[in-house]
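Per our numbering, residue 3 is the first one in the sequence shown, and the count goes up by one each step.
Below: one structure, written as structure tokens.
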Amino acid sequence: MKFYGELLIFVLLFITNFRVFFAKKPRRDPLTVVAPFTFLLSILQIIAWGVELLTVLGFVIAFLVLISNFHALFRYSEQLYIDRYSPLMKFWAVLTTFLSTVAIAATFLTAPVEFSPSELNVQKNLTNYNGSFRAGFQKANLFSYTNVNLYTFSPEENNKNILKTDSQDEEKPVILFFPDKRADTQNYIPYLQLLAQKGFTVMSADFFCDDVKWMHSFEDFKLLRQTALVIQSLQDNQKFMAQREFYSYNILQECQAMLQFVDQNLSPQTKIFLVSDVMGNSAISDFAKMNSSRVNSVFFLDSVEEYKTAGYGCVEQTSPLTAYLLGQKREKTFYTPKILAERTYQHFCKNSL
């Protein structure tokens with residue numbers, strides 16, 4: 003959906019800008035109303051997907067186009083004919099048309115690679131919560147504020163890979179996944195889907211709570227956090243990793259909350275496995291020791307040698323632009339998610355199932 007939103011914005015911007023070169027007198031200029039509409043879409047895109055390079059680029063171009071079209075919008079609202087486009091207007095049109103064209107090309111080059119819905123025979127559910135680590139969480143309704151997004155991936159009933167248990171009444175194993183904060187759940191979706199295809203129920207949550215901060219600044223804002231952490235890591239990874247003990251404390255709070263989500267939705271006898279990526283490794287190890295009666299085993303994604311973007315997720319599929327920054331490239335065969343899912347499955351089969 004993010005890809006289609008970005009593409010729609012840049013195509014509308016291209017149309018709005020390019021009209022300057024074919025609109026003739028004395029026609030009115032109805033295409034000018036696309037400018038404020040596209041600007042609104044660019045804001046909604048940021049709200050939906052956060053602050054990233056292409057979402058910000060769409061907002062900046064849309065703002066420039068809106069400003070340069072104020073005169074045309076006024077004339078159209080007054081039902082006046084086009085008089086002429088000024089040299090400055092034509093300059094802005096050339097500039098923004100060029101930027102829109104580059105952005106459309108970049109959108110296609112960095113488009114995410116996704117499984118088709120019918121390809122894996124798995125289902126994905128999203129449940130929103132609000133609350134805090136201190137007071138607990140409750141399901142959010144349509145009009146309430148949401149600060150936890152809980153994703154559940156599970157095999158369809160007709161999936162032949164559904165794991166067998168000793169009793170028909172026994173709950174199937176559940177994997178609690180703790181994404182690195184440079185990634186969030188969206189960056190791991192192909193891996194989580196493949197785990198569900200292998201028969202696991204997989205739960206992963208993104209927390210944005212006021213009582214657990216990561217940077218103690220405005221960068222903790224939901225729309226900024228992931229991008230801010232990626233920038234910090236790329237600028238000075240050694241300094242970033244020196245804060246692992248602090249990150250572990252925060253993720254321990256998430257571990258406890260995730261256990262509560264399991265108890266709310268599944269049986270207390272459910273086998274629980276924990277998986278993390280870099281930032282969460284120490285936390286899930288400690289949590290497993292403190293809850294040895296509930297947690298069967300743990301697995302660290304960055305222990306897989308073939309995983310070249312540890313800490314950032316499966317970005318070769320989910321965020322090719324980030325992959326380019328890490329020296330990797332867009333990849334269509336799902337090599338990394340498949341390797342990660344297979345190694346995770348083998349580890350849990352060997353140690354627990």
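Note that CB positions come from ideal geometry on N, CA and C, so glycine has one too.
Going by beta carbons, Val-277 and Leu-254 fall outside the 8 Å limit. Lys-200 counts as buried, since at least 16 other C-beta atoms from the protein chains shown sit within 10 angstroms of its C-beta.
Pairing Phe-61 with Phe-72, the inter-Cα distance amounts to about 17 Å.
Between Val-176 and Ile-274 a beta carbon distance of about 6 Å is seen, short of the 8 Å cut, so the two are scored as contacting. The beta carbon of Asn-252 is closer than 7 Å to those of Val-214 and Trp-216 in its chain, skipping five residues each way along the sequence. Distance check between Ile-63 and each of Phe-202, Glu-8 and Pro-114 places Glu-8 closest, using alpha-carbon atoms only. In this structure, Met-260 keeps its C-beta atom at 8 Å or more from the C-beta atom of Lys-183. Met-205 sits in a strand when the DSSP states are folded into three classes. Ile-45 and Leu-55 have their C-alpha atoms roughly 14 Å apart.
Contact fails between the segment 290 to 310 and the segment 216 to 228, because fewer than three Cβ pairs, one in each stretch, are under 8 Å apart. Taking 8 Å as the cut-off, the Cβ atoms of Tyr-153 and Leu-122 do not count as close.
Secondary structure in the segment 131 to 160: the beta strand (DSSP E) runs of 3 residues or longer, each lying completely within the stretch, are 138 to 141 and 150 to 157 in chain order.
Nearest to Val-204 by alpha-carbon distance, out of Val-53, Leu-33, Ser-284 and Glu-158, is Glu-158. Inclusion of Leu-15 and Thr-98 in the CB contact set at 8 Å is warranted, their separation being smaller than that value.
Distance from the CA atom of Lys-92 to the CA atom of Ile-48, rounded to whole angstroms, is 28 Å.
Here His-349 is buried: its Cβ has 16 or more other Cβ atoms, across all protein chains shown, within 10 Å. Classified as buried, Glu-256 has 16 or more neighbouring CB atoms from the shown chains inside 10 Å of its CB. For the pair Gly-315 and Tyr-190, the CB atoms are nearer than the 8 Å cut-off.
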